[in-house]
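**Q** Starting off with a structure, shown below.
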Ligand SMILES: NC(=O)c1ccc[n+]([C@@H]2O[C@H](COP(=O)([O-])OP(=O)(O)OC[C@H]3O[C@@H](n4cnc5c(N)ncnc54)[C@H](O)[C@@H]3O)[C@@H](O)[C@H]2O)c1
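In my numbering, the protein residues as written are 45 to 296.
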């Protein structure tokens with residue numbers, strides 16, 4: 045097992061990619077804290093891991109809130125015994141242009157997608173550094189690298205995630221902390237259906253369009269999870285500051 049004796053935090057752990065990654069990290073031996081706004085769904089994922097013989101706790105939190113993030117980090121240290129891996133994955137999308145986006149929506153997207161990662165790193169880096177290092181993986185997006193239509197706040201926020209990841213890698217590499225982003229293309233989760241709803245499009249047609257890429261299909265959450273497990277593990281020991289694209293060839 046690649047993550048034995050490691051302790052991991054997964055934000056957005058109740059969602060499509062977060063759930064698959066929580067399960068994959070636990071299957072490699074990590075004790076996992078499943079963090080999500082949706083307390084019930086987070087508990088269900090933690091229970092699923094425990095039922096399979098793994099170790100997991102659920103923590104209800106809003107990742108945009110500093111008190112919540114401080115509570116997450118102190119709870120994980122107290123209950124699991126440390127933090128070696130963080131997957132900053134919680135995210136939201138608003139499918140609107142600049143003209144259509146309200147200031148409140150813009151700030152919420154940046155709060156959940158960007159401030160959350162700053163806050164987590166602010167509070168978790170000292171814990172990791174004191175223990176000799178760790179691995180942080182942030183969820184960007186193909187649209188953080190190339191842009192996309194009718195999602196101005198999302199594209200800007202994910203571009204920030206990619207470059208914040210590089211800055212974090214530069215600052216904390218000397219402390220033994222690696223920081224990378226994983227950048228999915230369209231992945232079969234609730235987020236895609238939510239986008240179809242926001243755009244008032246038929247969900248099936250929207251998903252068919254999402255599959256229009258060289259590998260002729262959408263990604264599955266476990267395929268993002270596999271990349272995160274690799275970035276979390278010592279197999280990627282010389283990889284930091286990178287933006288790993290997992291997208292079926294869609295954004296090349
Ligand atoms: N699905 C895709 O096609 C796709 C593509 C590129 C990037 N991503 C990114 O992957 C990540 C995971 O998305 P997903 O597709 O699994 O979506 P999802 O909607 O299935 O999961 C997101 C999870 O984040 C949680 N969440 C939302 N706001 C939160 C907050 N403030 N605090 C704590 N938890 C919160 C939700 O409750 C949900 O469980 C996101 O950052 C998303 O932007 C997804």
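Note that beta-carbon positions come from the ideal geometry of N, C-alpha and C, so glycine has one too.
Note that this is a predicted model, so its numbers are computed, not measured.
What residues in its chain sit with their C-beta under 7 angstroms from that of residue 185, if we drop five residues either side in the sequence?
**A** In the chain shown, counting from the first residue as 1, residue 185 sits at position 141. 202, 227 and 228, listed in sequence order.
**Q** Three-state secondary structure (DSSP) at residue 136?
**A** Residue numbering aside, residue 136 sits at position 92 when the chain shown is read from its first letter. In the three-state scheme derived from DSSP, where H, G and I count as helix and E and B as strand, residue 136 is classed as coil.
**Q** Taking the CB atoms as reference points, tell me whether residue 180 and residue 221 lie closer together than 9 angstroms.
**A** The residue labelled residue 180 in the question sits at position 136 within the chain shown. The residue labelled residue 221 in the question sits at position 177 within the chain shown. Contact: yes.
**Q** Exposed or buried, residue 296, counting other C-beta atoms within 10 Å across all chains shown (16 or more means buried)?
**A** Against the chain shown, residue 296 aligns to sequence position 252. The pLDDT assigned to residue 296 is 44, lower than 50, so where the model puts this residue is not dependable; a value taken from the coordinates is nonetheless given after this. The residue is exposed, with fewer than 16 neighbouring Cβ atoms inside 10 Å.
**Q** Please confirm whether any heavy atom of ligand 1 lies closer than 8 angstroms to the CB of residue 150.
**A** The residue labelled residue 150 in the question sits at position 106 within the chain shown. No, the Cβ of residue 150 stays beyond 8 angstroms of every heavy atom of ligand 1.
**Q** Would you say residue 145 and residue 109 are within 9 angstroms of each other, going by their C-beta atoms?
**A** Position 101 of the chain shown, counted from the first residue, corresponds to residue 145. Position 65 of the chain shown, counted from the first residue, corresponds to residue 109. For residue 145 and residue 109, no; Cβs fall outside 9 angstroms.
**Q** Evaluate residue 239 with the Cβ neighbour count: other Cβ atoms within 10 Å of its Cβ, from every protein chain shown; 16 or more gives buried, anything less gives exposed.
**A** Position 195 of the chain shown, counted from the first residue, corresponds to residue 239. Result: buried.
**Q** Is the beta carbon of residue 277 sitting closer than 9 angstroms to the one on residue 72?
**A** The residue given as residue 277 occupies position 233 in the chain shown. The residue given as residue 72 occupies position 28 in the chain shown. In contact: residue 277 and residue 72 (Cβ atoms closer than 9 angstroms).
**Q** Start and end of the beta strand (DSSP E) containing residue 100?
**A** Against the chain shown, residue 100 aligns to sequence position 56. Its beta strand (DSSP E) spans residues 99 to 104.
**Q** Could I get the ranges of all uninterrupted alpha helix (DSSP H) runs contained in the segment 45 to 94, with 4 residues as the minimum, in chain order?
**A** Entirely contained in the segment 45 to 94, the alpha helix (DSSP H) runs reaching 4 residues are, in chain order, 60 to 71.
**Q** Just to confirm my understanding: we take residue 90, look at its own chain, exclude 5 residues before and 5 after, and list those with CB closer than 7 angstroms. What are they?
**A** Numbered from 1 along the chain shown, position 46 holds the residue referred to as residue 90. For residue 90, where only same-chain residues beyond five positions count, the Cβ hits under 7 angstroms are 78, 100, 101 and 102.
**Q** Are the C-beta atoms of residue 219 and some chain D residue less than 9 angstroms apart?
**A** Of the protein chains in the structure, only one exists, and it is not chain D.
**Q** Could you check which residue in 120, 237, 213 and 294 has the C-alpha nearest to that of residue 50?
**A** Against the chain shown, residue 50 aligns to sequence position 6. Of the listed residues, the one whose Cα sits closest to residue 50 is 120.
**Q** Excluding the 5 residues preceding and the 5 following residue 169 in the sequence, name in chain order all residues of the same chain whose CB lies nearer than 7 angstroms to its CB.
**A** Taking the chain shown and counting its residues from 1, the one referred to as residue 169 is at position 125. Counting only Cβ-Cβ distances below 7 angstroms, and skipping sequence neighbours, we find 216 and 221.
**Q** Kindly examine ligand 1 and report whether one of its heavy atoms sits closer than 8 angstroms to the Cβ of residue 56.
**A** Residue 56 sits at position 12 when you count from the first residue of the chain shown. Yes.
**Q** Once you ignore the five residues that flank residue 61 on each side, which residues in its own chain have a CB closer than 8 angstroms to its CB?
**A** Locating residue 61 in the chain shown gives position 17, where the first residue counts as 1. 133, 183, 228, 231, 233, 265, 268 and 269, listed in sequence order.
**Q** Going by CA-CA distance only, name the one from 55, 283, 162 and 258 that's closest to residue 105.
**A** Here residue 105 is taken as the residue at index 61 of the chain shown, counted from 1. Measuring from the Cα of residue 105, the nearest candidate turns out to be 55.
**Q** Taking the continuous alpha helix (DSSP H) assigned at residue 119, which residues delimit it?
**A** Within the chain shown, numbered from 1, the residue matching residue 119 stands at position 75. Start and end: 110 to 124.
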